[in-house]
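**Student:** Quick one: the structure is below, and I'll ask about it shortly.
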């Protein structure tokens with residue numbers, strides 16, 4: 007599913023809506039997911055799956071994927087899933103802790119991303135994000151994101 011398709015499936019409320027996964031970012035040419043090359047094929051409140059094709063702009067001087075890309079993938083995948091999980095309650099989410107562990111170096115190819123919740127409560131969520139090489143399924147990075155569920159401000 008394309009980013010725009012995910013936004014439509016999530017109940018798109020228009021381009022100016024900033025609450026949840028259909029706000030600025032998903033499906034917008036200037037969004038962060040687009041700028042890092044992340045493609046999301048599934049976004050639900052219980053799983054997010056996607057990928058990024060590694061290019062020269064993702065590499066650090068040592069010619070391996072920059073750790074910032076992995077941390078960004080953790081933040082993006084878990085935030086979108088967590089947003090979908092609370093949208094029916096009129097809430098939005100913000101990340102409060104991002105811990106990303108780098109397991110194996112990658113210099114090229116596709117990195118698969120899968121995020122699943124470990125805990126989803128009334129006020130907080132905790133998600134795990136696994137990043138694997140598409141070529142052999144090897145784990146290349148593992149991240150965890152704790153998010154705060156926020157009540158929308160009054161209009």
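Numbering (our numbering), first residue to last: 7 to 161. Think of the CB as a built atom: it goes at the ideal place given N, C-alpha and C, for glycine as much as any other residue.
Would you list, in sequence order, the uninterrupted beta strand (DSSP E) runs of no fewer than 3 residues that lie entirely inside the stretch 30-76?
**Tutor:** Those beta strand (DSSP E) runs which fall completely within the stretch 30-76 and span 3+ residues are 44-49, 54-60.
**Student:** DSSP three-state label for residue 144, please.
**Tutor:** For the purposes of this step, residue 144 is identified with residue 138 of the chain shown, where counting begins at 1. Three-state DSSP puts residue 144 in coil, outside helix and strand.
**Student:** Using only alpha-carbon positions, find the residue among 60, 138, 128, 113 that is nearest to residue 154.
**Tutor:** Indexing the chain shown from 1 puts residue 154 at position 148. That would be 128, whose Cα lies nearest to the Cα of residue 154.
**Student:** Along the chain, where does the beta strand (DSSP E) containing residue 122 start, and where does it finish?
**Tutor:** Sequence index remark: in the chain shown, residue 122 carries index 116 (1-based). Run containing residue 122: 115-126, per the beta strand (DSSP E) assignment.
**Student:** If contacts are defined as beta-carbon pairs under 8 Å, then residue 86 and residue 49 qualify, I think. What distance do you get, rounded to the angstrom?
**Tutor:** Against the chain shown, residue 86 aligns to sequence position 80. Against the chain shown, residue 49 aligns to sequence position 43. The Cβ separation is near 5 Å, so the contact holds.
**Student:** Quick one: what's got a C-beta closer than 7 Å to residue 130's C-beta in the same chain, skipping five residues either side?
**Tutor:** The residue labelled residue 130 in the question sits at position 124 within the chain shown. Answer for residue 130: 152, 153, 154, 155, listed in chain order.
**Student:** With DSSP as the reference, identify every bridge partner of residue 152, one or two as the case may be.
**Tutor:** The residue given as residue 152 occupies position 146 in the chain shown. Answer is 103, 132.
**Student:** How many Å lie between residue 114 and residue 38 at the Cα?
**Tutor:** For this step, residue 114 is matched to residue 108 along the chain shown. For this step, residue 38 is matched to residue 32 along the chain shown. In a straight line, the C-alpha of residue 114 is about 21 Å away from that of residue 38.
**Student:** Taking Cβ positions, are residue 5 and residue 78 nearer each other than 8 Å?
**Tutor:** Since the first residue of the chain shown is 7 and the last is 161, residue 5 is not available in this structure.
**Student:** Report the rounded CA-to-CA distance for residue 89 versus residue 108, giving the unit in angstroms.
**Tutor:** The residue you call residue 89 lines up with position 83 of the chain shown. The residue you call residue 108 lines up with position 102 of the chain shown. The straight-line gap from Cα to Cα measures roughly 26 Å.
**Student:** Strictly by DSSP, which residues pair up with residue 139?
**Tutor:** Here residue 139 refers to the residue found at position 133 of the chain shown. Beta-bridge pairing links residue 139 to 117.
**Student:** Drop a sphere of 10 angstroms on the beta-carbon of residue 110, count the other beta-carbons inside from all chains shown, and report buried for 16 or more, exposed for fewer.
**Tutor:** Locating residue 110 in the chain shown gives position 104, where the first residue counts as 1. The residue in question, residue 110, is exposed, as its Cβ has fewer than 16 Cβ neighbours within 10 Å.
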